[in-house]
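Going by the working numbering, the sequence shown runs without a break in its numbering and finishes at 273.
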Amino acid sequence: MKKYTLPILMLAVFEAVAVTLWLTKDNVFYLINFSYIGGSVALGIFLFIRRYRHARRIVQLLVGLYMLVYLGLICRENMQIEGFWYYLFTGVFEAATIHYAVAKIFGPLLFGRGWCGYACWTAMVLDFLPYKVPAQPRKSLGWIRYISFAASLIFVGALFLAHVGNIERIMFLAFIAGNVLYYAAGIALAFAFKDNRAFCKYLCPVTVFLKPMSYFSLFRVKCDKEKCISCGKCRRVCPMDVDVTDNSRNRKNGTECILCMECVRNCPKGAL
Ligand code: SF4
Ligand code: SF4
Ligand code: SF4
Numbered sequence: 002m003k004k005y006t007l008p009i010l011m012l013a014v015f016e017a018v019a020v021t022l023w024l025t026k027d028n029v030f031y032l033i034n035f036s037y038i039g040g041s042v043a044l045g046i047f048l049f050i051r052r053y054r055h056a057r058r059i060v061q062l063l064v065g066l067y068m069l070v071y072l073g074l075i076c077r078e079n080m081q082i083e084g085f086w087y088y089l090f091t092g093v094f095e096a097a098t099i100h101y102a103v104a105k106i107f108g109p110l111l112f113g114r115g116w117c118g119y120a121c122w123t124a125m126v127l128d129f130l131p132y133k134v135p136a137q138p139r140k141s142l143g144w145i146r147y148i149s150f151a152a153s154l155i156f157v158g159a160l161f162l163a164h165v166g167n168i169e170r171i172m173f174l175a176f177i178a179g180n181v182l183y184y185a186a187g188i189a190l191a192f193a194f195k196d197n198r199a200f201c202k203y204l205c206p207v208t209v210f211l212k213p214m215s216y217f218s219l220f221r222v223k224c225d226k227e228k229c230i231s232c233g234k235c236r237r238v239c240p241m242d243v244d245v246t247d248n249s250r251n252r253k254n255g256t257e258c259i260l261c262m263e264c265v266r267n268c269p270k271g272a273l
């Protein structure tokens, strides 16, 4: 039973968030929403412990499709970064602001970039592409993320400053257009750089929040130096070019780790 502590703990954390939001906001949606997401994440960790090869992909599809299709398209909530700015400017702690607080701003202090490995609906599609491991060295293009971050902020800020009417409909249309743009850019970059996660490395604006917060993450992959034989396999299978054998928080590309556990699965010595 001890080996199942992590999925139970993860379920408990999400249930705590679910019940707290349900009671404080007097809305049963939060109970259902966070229970579903927590249950999916716990199921994925359980399957991983049971050595099921596609555990991560199952969570990605369960959570990613739920958020994209149900919350985004059916409930018409813009859960992208523009939706976050929108709710932030209106001063409402709802939908995208809660989502960002839990998954992308404060949650990463606990579970790093678990969002990127297990829940993001953009990466859910990109991970189907053929370059699961980058076929080319990483480029120094991370600065582009700050441009897309600023563009999203300016776009929503301009809508508010111009007092544009029917802003909710515009945010829904922006959600559709934004996703089409993300998928098109993500697929183009993946083929151009022979790297499924090129979009995550260079363009995604959300990493402006995710990277600094995940630096302090409690949950990290660590290397047992006694067992490690420096074979380099972990580095070769990592989709994010992380030097996971370095245990310091300053390890190369450390804030890029998406906790996909490919390195752990492939280490021949069980050192991770
Ligand atoms: S970096 Fe951005 S696109 Fe990539 S998985 Fe994370 S949130 Fe999704
Ligand atoms: S795969 Fe394992 S043994 Fe090889 S370098 Fe990485 S941690 Fe060390
Ligand atoms: S392979 Fe290991 S170091 Fe690389 S992103 Fe996945 S969990 Fe992190």
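Even for Gly, the Cβ is constructed at its ideal location relative to N, Cα and C.
Closest by C-alpha distance to I145, out of L190, M11, V18, is L190.
With a beta-carbon spacing of about 4 angstroms, M241 and E257 fall inside the 8 angstroms limit used to define contacts. Taking C-beta atoms under 8 angstroms as the contact rule, Q61 and G179 fail to qualify, at a distance of about 19 angstroms. Judged by the Cβ position, I46 fails to qualify as a neighbour of ligand 3 at the 7 angstroms threshold, every heavy atom of the ligand being at least this far. For the pair G118 and S218, the CB atoms are not nearer than the 8 angstroms cut-off. Assignment of H100 by DSSP, reduced to helix, strand and coil, places it in the helix class. Residues of the same chain with a CB within less than 7 angstroms of the CB of K105, apart from the 5 flanking positions on each side, are W116, V207, F210, L211 in chain order. Every alpha helix (DSSP H) of 4 residues or more that sits fully in the region 119-157 is shown, in chain order, as 122-127. In this structure, R57 sits near G45, with a CB-CB distance shorter than 8 angstroms. The C-beta of N167 has fewer than 16 other C-beta atoms within 10 Å across all chains shown, which makes the residue exposed. Cβ atoms of N197 and Y132 come within 8 angstroms of each other, at about 5 angstroms.
Taken through DSSP and simplified to helix, strand or coil, C268 comes out as coil.
Taking one beta carbon from each stretch, the region 69-77 and the region 148-168 have fewer than 3 pairs nearer than 8 angstroms; the two do not touch. The beta carbon of K270 sits closer than 7 angstroms to the beta carbons of K228, C229, I230 from its chain, once the five residues preceding and following it are set aside; these are given in chain order.
In the same chain as A193, and ignoring 5 residues on each side of it, the C-beta atoms closer than 8 angstroms to its own belong to A199, in chain order. Spatial neighbours of S41 in its own chain (CB-CB distance under 6 angstroms, excluding positions within 5 residues in sequence) are listed in chain order as V60, L63, V64.
Distances from the CB of C239 to the heavy atoms of ligand 2 are all 7 angstroms or more.
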